[in-house]
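Chemist: This is the structure I want to talk about, given as structure tokens.
Numbering (this note's numbering), first residue to last: 103 to 907.
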């Protein structure tokens with residue numbers, strides 16, 4: 103045979119044992135996951151692109167999956183955490199969590215079987231950018247969510263009897279509950295595949311009984327016609343989810359920056375006043391005026407107490423007061439800018455998109471059937487509307503606080519100058535009765551909490567909790583507690599009108615004024631509502647609508663007591679042209695002497711295609727030169743065992759075999775699907791126990807493969823492999839799991855200079871000029887709301903978050 107059929111291009115060592123290995127479907131990149139929980143991305147030349155550290159100590163990986171365009175890698179941890187990583191720089195674009203342990207991951211893309219082109223009709227494209235104000239960039243760039251046309255779905259299996267489905271990897275579209283009547287307590291999804299026409303879902307489940315060594319494997323097939331008939335609606339829901347999720351992230355960052363601008367605003371003043379109160383407590387013998395009374399006496403009579411004079415001249419000082427006043431004015435100015443330029447804009451955008459979702463939910467046949475609930479969305483709209491009103495209220499509070507502090511500090515500045523026997527400027531020394539009342543109200547509102555009736559002079563309430571001076575009203579909106587000093591709106595004519603009428607109680611267009619909750623509380627309520635209700639119901643409703651058409655018991659294994667064998671291997675894929683779904687598996691621990699191929703129609707309405715199963719063994723491999731010394735009858739192997747199986751392309755399966763005997767050589771073999779399709783499959787009923795079938799047709803493919811379809815791998819003991827039919831590569835893992843061999847599968851058809859055509863030539867940068875999945879230029883920061891997904895046929899899908907660096 104021709105040893106150049108699969109040309110070896112490299113052999114490399116790795117630092118830790120590899121547990122997962124997946125080639126990119128579009129770029130010459132392979133993702134490796136090791137037992138330390140790290141994910142390492144290598145080029146075909148084995149140059150390292152990046153390394154993703156585990157999220158925590160002891161975290162291990164349960165699965166890897168590439169987005170079909172090869173630009174995003176999904177990483178699933180056994181803790182239940184999911185990360186979507188940008189292939190360019192390992193940036194975590196999105197993080198999710200599922201219940202239980204991630205046991206399998208698959209990412210598929212929609213394909214139309216009739217060759218029709220995708221169109222958004224009858225739905226218009228999103229035009230929210232024409233109506234909403236542009237969001238200004240913050241410290242972190244906020245870009246667009248990638249555009250997509252045909253759906254792609256990330257399937258995540260767990261050990262909690264559930265399969266999770268995410269549209270574009272971010273929108274939770276379905277929770278498929280696994281139901282088996284076998285009395286088992288522990289079930290885990292071993293693998294899952296959704297047909298590319300979106301009609302059929304096939305799930306392999308591993309089931310075990312407590313106190314038993316038996317392991318049962320089942321194949322469950324679900325009718326997912328709802329996905330196929332509502333794929334445009336699902337795309338719109340995913341778009342809206344992506345837009346709202348981006349807005350909520352923007353909102354969170356805005357509030358965080360406001361809190362950072364505020365949290366130190368009066369810390370110096372608070373600490374000084376608290377020390378003043380403590381000194382008064384030590385100096386007095388039981389009776390003394392409060393801090394508030396000391397300041398009021400100074401305001402009304404112009405004479406400070408001895409303690410207050412000492413405090414103003416030696417603790418606060420003229421220089422310190424100027425610095426403090428400048429700090430407060432700067433902080434308020436920064437908060438005001440964040441409110442006007444960011445907070446109001448993002449909250450208005452949230453109301454817009456939630457209102458659109460509410461309108462979509464009214465169309466039950468299209469969107470209501472997917473789980474959108476009008477009542478829940480109305481609550482979300484009202485809550486977002488209340489948030490908008492509170493941002494306007496906060497703006498008014500900031501304006502009032504700036505005026506209050508300017509008057510208070512101007513008065514204190516004059517007092518300190520006079521106590522220092524300095525002449526204050528003429529423009530500052532004059533105070534009208536209005537100014538006096540203004541300062542008196544400020545002292546009353548902010549200093550009375552330290553009166554003996556409310557707190558002791560150490561700032562401790564009756565409960566023993568230490569509190570500080572509330573010198574301003576802005577910070578209360580940025581805490582996770584009710585407003586301590588809600589604004590008085592009793593004199594507002596509109597509020598008086600609403601209080602006197604009841605017509606607005608159920609009005610969908612009038613938002614309630616919430617004067618008790620802070621912005622942080624309203625934000626948390628909105629996040630809770632959308633997370634647990636608005637965007638959770640579609641996953642539950644769609645999952646419950648998926649009907650299990652058939653359940654096949656594949657086989658039962660008994661764990662041996664004296665060893666830990668490799669579990670059976672499963673490979674699932676669909677043939678779009680033939681509209682068939684294939685499940686290829688071994689029915690024994692590895693290595694085993696044969697594998698089985700189970701085929702099913704992807705469309706449950708088809709009656710011309712029956713489900714069937716075929717057993718495949720590999721005997722003596724064909725040779726065109728049987729008289730050569732290398733292929734003599736005495737040296738040729740008559741039986742091969744299966745080590746691993748992988749989907750290569752729609753026309754081929756890749757097999758990793760081992761010659762009979764403990765020291766047999768590994769064999770890398772390409773099997774044409776035409777050989778299997780031309781064979782006679784044993785028909786299966788919808789609920790068939792395959793293990794109990796009296797007879798399954800068996801096919802020996804040894805003499806049916808050509809000599810150019812396999813290669814012996816010398817001087818190695820193989821464990822498993824990963825292949826890519828698109829890039830025509832294979833990586834074989836040694837049994838030690840710390841060494842790999844890399845092959846080009848069609849090397850005889852390529853020139854040497856083409857071997858590295860899609861490999862990056864610079865450090866840390868992928869050569870996009872030679873790949874189909876090029877990253878497009880980043881979108882402008884101000885354009886936050888765009889489409890979601892990963893259209894393989896478009897180039898504008900470099901990542902979920904396309905950011906401007």
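Even for Gly, the Cβ is constructed at its ideal location relative to N, Cα and C.
Along the chain, where does the beta strand (DSSP E) that runs through residue 179 open and close?
Modeler: Taken as a continuous stretch (DSSP letters only), the beta strand (DSSP E) holding residue 179 covers 174 to 179.
Chemist: May I ask you to list the residues that DSSP assigns as paired with residue 649?
Modeler: The partner list for residue 649 (beta bridge, DSSP) reads 325.
Chemist: So, residue 452 versus residue 483, is the Cβ gap smaller than 7 Å?
Modeler: No, they are not a contact pair.
Chemist: On a CA-only basis, which of 127, 758, 194 is nearest residue 141? Give me that one, please.
Modeler: Cα-wise, what sits closest to residue 141 is 194.
Chemist: Please list the terminal residues of the continuous alpha helix (DSSP H) segment that includes residue 134.
Modeler: Here residue 134 belongs to no alpha helix (DSSP H); instead the beta strand (DSSP E) covers 131 to 136.
Chemist: Expressed to the nearest angstrom, what Euclidean distance is found between the alpha-carbon atoms of residue 272 and residue 470?
Modeler: Cα to Cα, the separation comes out at about 20 Å.
Chemist: Figure out for me which residue from 416, 225, 497, 466 has the closest Cα to the Cα of residue 378.
Modeler: When only C-alpha atoms are compared, the closest one is 416.
Chemist: Can you list, in chain order, the residues of its chain with a C-beta nearer than 8 Å to that of residue 500? Leave out the 5 residues immediately preceding and following it.
Modeler: Result list for residue 500: 434, 437, 438, 441, 576, in chain order.
Chemist: If you compare alpha carbons, which of 718, 278, 839 is closest to residue 291?
Modeler: Per the Cα distances, 278.
Chemist: Start and end of the alpha helix (DSSP H) containing residue 767?
Modeler: Looking at the DSSP string, residue 767 is not in any alpha helix (DSSP H), and its letter there is neither H nor E.
Chemist: Which one of 354, 150, 127 has the shortest CA to CA distance from residue 166?
Modeler: Of the listed residues, the one whose Cα sits closest to residue 166 is 127.
Chemist: Output the distance between the C-alpha atoms of residue 825 and residue 135, rounded to the nearest integer angstrom.
Modeler: Their Cα atoms are separated by approximately 16 Å.
Chemist: Applying the 10 Å Cβ sphere with the 16-neighbour rule, what's the burial state of residue 236?
Modeler: Residue 236 should be labelled exposed.
Chemist: Excluding sequence positions up to five away, which residues of its chain have a Cβ less than 6 Å from the Cβ of residue 325?
Modeler: These residues qualify, in order along the chain: 649, 651, 706.
Chemist: In whole angstroms, give me the CA-to-CA distance for residue 173 and residue 189.
Modeler: Computed Cα separation, rounded: 5 Å.
Chemist: Can you check which of these residues, 316, 315, 513, is closest to residue 534 by C-alpha distance?
Modeler: The shortest Cα separation from residue 534 among 316, 315, 513 belongs to 513.
Chemist: Go to residue 205, then tell me how far its beta strand (DSSP E) extends in each direction, as first and last residue.
Modeler: Taken as a continuous stretch (DSSP letters only), the beta strand (DSSP E) holding residue 205 covers 204 to 211.
Chemist: Measure the C-alpha to C-alpha separation of residue 122 and residue 585 and round it to an integer number of angstroms.
Modeler: Straight-line Cα distance between these residues: approximately 52 Å.
Chemist: Buried or exposed: residue 817, going by 16 or more other Cβ atoms within 10 Å of its Cβ?
Modeler: That one is exposed.
Chemist: So for residue 301, helix, strand or coil by DSSP?
Modeler: DSSP places residue 301 in coil when its eight states are reduced to three.
Chemist: Could you spell out the range, first to last residue, of the beta strand (DSSP E) harbouring residue 58?
Modeler: The chain is shown from 103 up to 907; residue 58 falls before or after that span and cannot be answered.
Chemist: Using 8 Å as the cut-off, can you tell me whether the stretch 309 to 317 makes contact with the stretch 638 to 646, which would need three or more C-beta pairs spanning the two stretches below that distance?
Modeler: No: the two stretches stay apart, fewer than three of their Cβ pairs being nearer than 8 Å.
Chemist: Provide the residue span of the beta strand (DSSP E) that contains residue 743, from first to last.
Modeler: 742 to 751 is the extent of the beta strand (DSSP E) around residue 743.
Chemist: Can you look up residue 687 in the DSSP assignment and give me helix, strand or coil?
Modeler: In this structure, residue 687 counts as strand in the three-state DSSP scheme.
Chemist: What ranges does the beta strand (DSSP E) occupy inside the stretch 780 to 839, keeping only unbroken runs of at least 3 residues that lie completely in it?
Modeler: Runs found: 800 to 802, 812 to 814, 820 to 826, 831 to 836.
Chemist: Would you check if the stretch 803 to 810 and the stretch 666 to 684 touch, i.e. whether three or more CB-CB distances between them fall below 8 Å?
Modeler: No: fewer than three Cβ pairs fall under 8 Å.
Chemist: Sorted by chain position, which residues of the same chain lie with C-beta nearer than 7 Å to residue 723's C-beta, five sequence neighbours on each side aside?
Modeler: 804, 807, 812.
Chemist: Take residue 791 and list the residues in its own chain whose beta-carbon comes closer than 8 Å to its own, dropping the five residues that flank it on each side.
Modeler: The residues are 654, 655.
Chemist: Could you tell me whether the stretch 404 to 420 touches the stretch 480 to 496, where touching means 3 or more Cβ pairs closer than 8 Å?
Modeler: As far as the Cβ criterion goes, the stretch 404 to 420 does not touch the stretch 480 to 496, which means the pair count is below three.
Chemist: With DSSP as the reference, label residue 291 as helix, strand or coil.
Modeler: Residue state, collapsed to three classes: strand.
Chemist: Just the Cα atoms here: how many angstroms apart are residue 187 and residue 591?
Modeler: Looking at the two C-alpha atoms, the distance is approximately 49 Å.
Chemist: Do residue 208 and residue 129 have their CB atoms nearer than 7 Å?
Modeler: No, the Cβ-Cβ distance between residue 208 and residue 129 is not below 7 Å.
Chemist: Rank 234, 622, 353, 154 by C-alpha distance to the C-alpha of residue 176 and give the top, closest one.
Modeler: The shortest Cα separation from residue 176 among 234, 622, 353, 154 belongs to 154.
Chemist: Ordered along the chain, which non-local residues of its own chain (more than five positions away) have a Cβ less than 8 Å from that of residue 793?
Modeler: So the qualifying residues of the chain are 655, 656, 657, 658, 689.
Chemist: Could you name the residues of the same chain whose beta carbon sits closer than 6 Å to that of residue 111, not counting the 5 residues immediately before and after it, in chain order?
Modeler: For residue 111, where only same-chain residues beyond five positions count, the Cβ hits under 6 Å are 844, 846.
Chemist: Taking the C-alpha atoms as reference points, what is the distance between residue 133 and residue 124?
Modeler: C-alpha separation (whole angstroms): 5 Å.
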